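Note that the working numbering has the sequence shown beginning at 253, numbered continuously upward.
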Amino acid sequence: MRSVRRAPVAATSADTRQRFVALLIGVLAASAGGLVLAAADGTLRDLPGLLLLVPGAIALRGNVFGAMGSRLGTAVHAGTFRLGMHSEGVVIQNLTAAAALTLVLSVVLAIMAKGTAIVFGISPTMTLADFVVVSVLGGLLASVGVGLATMGLAAGSVRFGWDLDNVMAPLVSTLGDLATVPALVLAAAVAGRSGVTGLVGAVSVVVASLSLVAAWRSRREQVRTIVRQSVPVLGAAALLDLIAGVTVERRLDDLLAAEAVLILLPAFLGAAGALGGILSSRLSTQFHLGLDDATPLPSRASLRDMRNLVTLAVPVFLLAAVAAHLAAEATGQTTPGLGDLVVLTLMAGLAATIFVIVVAYYTTMAAVRFGLDPDTYGIPVVTSTLDLAGAFTLILAMVAVGVA
Numbered sequence: 253m254r255s256v257r258r259a260p261v262a263a264t265s266a267d268t269r270q271r272f273v274a275l276l277i278g279v280l281a282a283s284a285g286g287l288v289l290a291a292a293d294g295t296l297r298d299l300p301g302l303l304l305l306v307p308g309a310i311a312l313r314g315n316v317f318g319a320m321g322s323r324l325g326t327a328v329h330a331g332t333f334r335l336g337m338h339s340e341g342v343v344i345q346n347l348t349a350a351a352a353l354t355l356v357l358s359v360v361l362a363i364m365a366k367g368t369a370i371v372f373g374i375s376p377t378m379t380l381a382d383f384v385v386v387s388v389l390g391g392l393l394a395s396v397g398v399g400l401a402t403m404g405l406a407a408g409s410v411r412f413g414w415d416l417d418n419v420m421a422p423l424v425s426t427l428g429d430l431a432t433v434p435a436l437v438l439a440a441a442v443a444g445r446s447g448v449t450g451l452v453g454a455v456s457v458v459v460a461s462l463s464l465v466a467a468w469r470s471r472r473e474q475v476r477t478i479v480r481q482s483v484p485v486l487g488a489a490a491l492l493d494l495i496a497g498v499t500v501e502r503r504l505d506d507l508l509a510a511e512a513v514l515i516l517l518p519a520f521l522g523a524a525g526a527l528g529g530i531l532s533s534r535l536s537t538q539f540h541l542g543l544d545d546a547t548p549l550p551s552r553a554s555l556r557d558m559r560n561l562v563t564l565a566v567p568v569f570l571l572a573a574v575a576a577h578l579a580a581e582a583t584g585q586t587t588p589g590l591g592d593l594v595v596l597t598l599m600a601g602l603a604a605t606i607f608v609i610v611v612a613y614y615t616t617m618a619a620v621r622f623g624l625d626p627d628t629y630g631i632p633v634v635t636s637t638l639d640l641a642g643a644f645t646l647i648l649a650m651v652a653v654g655v656a
């Protein structure tokens, strides 16, 4: 099939419309994931440490498939994207790398989660085997849907002229929120069964190890490069997400007392990460194509994208607060009230947005200047840093408003 070339910069009105619609869908879908999380309060209490996994597991989906989408978006803009299933093509190589990274990093996340719980004195917690089973099974279940959707978005960009830089980050983050939370809850049903859990955990570790070796030594250049560059940054990102998980786990009682905030959590973290992903993807494409320079001081074009991001943030976080309150009211969950929820969400959201702008720009700039692929490094660093900053700002806002 012939290559498809896109204009590198879409019209501003089209950009804004695509971004807002994608973020709107993201907030509503992520709120549904948050509702599942709030409804699983019994599971959260029965399996201490499960909430520790949530930010990292959600972020892993967005990091792996968001970076994949960013690479595909750059290929579309550069005219090198071919919509086909050839084993040497960009699509199959990205899918292969994403599958290997999902399995390997799910095991790594579980091991790091158990270690983090020990270091920070979170006790009691699930066994290591339980962590591995929940992380791997939940991750694989969620990744099937997110991976298929990522490919659908790539195909849609070719068919309908969507700009992947605008729609990929928010929609992949959304699907990660929507799919990962129920998948973790389902996988948690297997945890605690000593014989089954130990066997599944051991098999998962062996398969993940073999997958890592095969992908690391693959003859296909893109698979090999993506995996080798991604494993270190995704491992570091997982650590940041686990620290965010510690912040949330320690406030479990406060969150269960105001379950609307627990409903809000995936949407809030997803929206913050999606905003950063949009900016990171946009900058990555422009740096790749030579349309902007990776300089310490942002250019006018970069500053314009940053201003547009702040403009989008206010209605998006406002919608997240309203959706969480209405969902809590409709399902009989506890809520601090619409006014308090809106105030704490906007406070935390604006602080997180300012932070994400700085992190997104300088992470992407640094990747370019050090000769690394900003598509591979940008979204994982931005998303995971925002999970940590978002968790802190949300908890601080809860305290400031008097909810915690």
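Glycine residues also receive a C-beta, built at the ideal position from the N, C-alpha and C atoms. Everything numeric in this text was worked out from a predicted model, so none of it was measured.
Query                                                                                                              : Result
Start and end residues, alpha helix (DSSP H) containing Ala573                                                     : 552 to 583
Check whether Ile628 and Arg323 have beta carbons under 9 Å apart                                                  : In the sequence as displayed, the identity of residue 628 is Thr instead of Ile. Yes; because the gap between Cβ atoms is below 9 Å, this pair is in contact.
Cβ neighbour criterion (16 or more within 10 Å) applied to Arg621                                                  : exposed
Integer Cβ distance of Ala523 from Ala603, believed to fall under 8 Å                                              : Rounded, the Cβ-Cβ distance is 13 Å, inconsistent with contact.
Under 9 Å between C-beta atoms of Leu438 and Gly391                                                                : no
Reduced DSSP secondary structure (H/G/I, E/B, other) of Pro548                                                     : coil
Beta carbon of Pro434 nearer than 9 Å to that of Asp639                                                            : no
Environment of Gln270 [buried if 16+ CB atoms lie within 10 Å]                                                     : buried
Nearest neighbour of Arg559, chosen from Leu527, Ser536, Gly589, Thr547 [CA to CA]                                 : Leu527
Three-state class that DSSP yields for Ala292 in the structure shown                                               : coil
Through-space distance from Arg472 to Pro484, alpha-carbon basis                                                   : 20 Å
Boundaries of the alpha helix (DSSP H) in which Phe607 is found, first to last residue                             : 590 to 621
Ala643 to Thr295 span [Cα, whole Å]                                                                                : 21 Å
Burial state of Asp505, where buried means 16 or more other Cβ atoms lie within 10 Å                               : exposed
Candidates Leu593, Leu549, Val651, of which the one nearest Ile609 by Cα                                           : Leu549
Three-state secondary structure assigned by DSSP to Glu340                                                         : coil
Beta-carbon gap between Ala658 and Leu648 smaller than 9 Å                                                         : With the chain covering only 253 through 656, there is no way to say anything about residue 658.
Extent of the continuous alpha helix (DSSP H) to which Asp506 belongs                                              : 504 to 509
Distance CB(Leu276)-CB(Ala369) smaller than 9 Å                                                                    : no
CB contact flag (Gly399, Ala350, <9 Å)                                                                             : yes
Touch test, the region 443 to 456 against the region 378 to 388, Cβ-Cβ under 8 Å, three pairs minimum              : yes
Top-ranked residue by Cα proximity to Gly525, from Gly428, Ala619, Leu436                                          : Gly428
Identity of the residue in Tyr614, Ser395, Val386 nearest Ser533 by Cα                                             : Tyr614
Close-in-space but distant-in-sequence residues of the same chain around Ala284 (CB under 7 Å, 5 per side omitted) : Leu430
As assigned by DSSP and simplified to three states, the class of Asp625                                            : coil
contact_flag[the region 399 to 409, the region 341 to 350] where n(CB pairs < 8 Å) is 3 or more                    : yes
Unbroken stretches of the alpha helix (DSSP H), 4 residues or longer, contained in the region 415 to 486           : 416 to 439, 446 to 468
Contact check, Ala361 vs Ala319, beta carbons under 9 Å                                                            : Here the sequence assigns Leu to residue 361, which means Ala is not the residue at that position. No, they are not a contact pair.
Coarse secondary structure for Gly373, derived from DSSP in three states                                           : coil
Beta-carbon spacing of Leu593, Val513 below 9 Å                                                                    : yes
8 Å contact criterion, which Asp535 and Ser554 should meet: CB distance rounded                                    : First, the residue type needs correcting, since residue 535 is Leu and not Asp in the sequence shown. That belief holds up - the Cβ atoms of Leu535 and Ser554 are roughly 7 Å apart, short of 8 Å.
Alpha carbon of Ile631 to alpha carbon of Thr605, nearest angstrom                                                 : 15 Å
Rounded C-alpha distance that separates Val452 from Leu436                                                         : 15 Å
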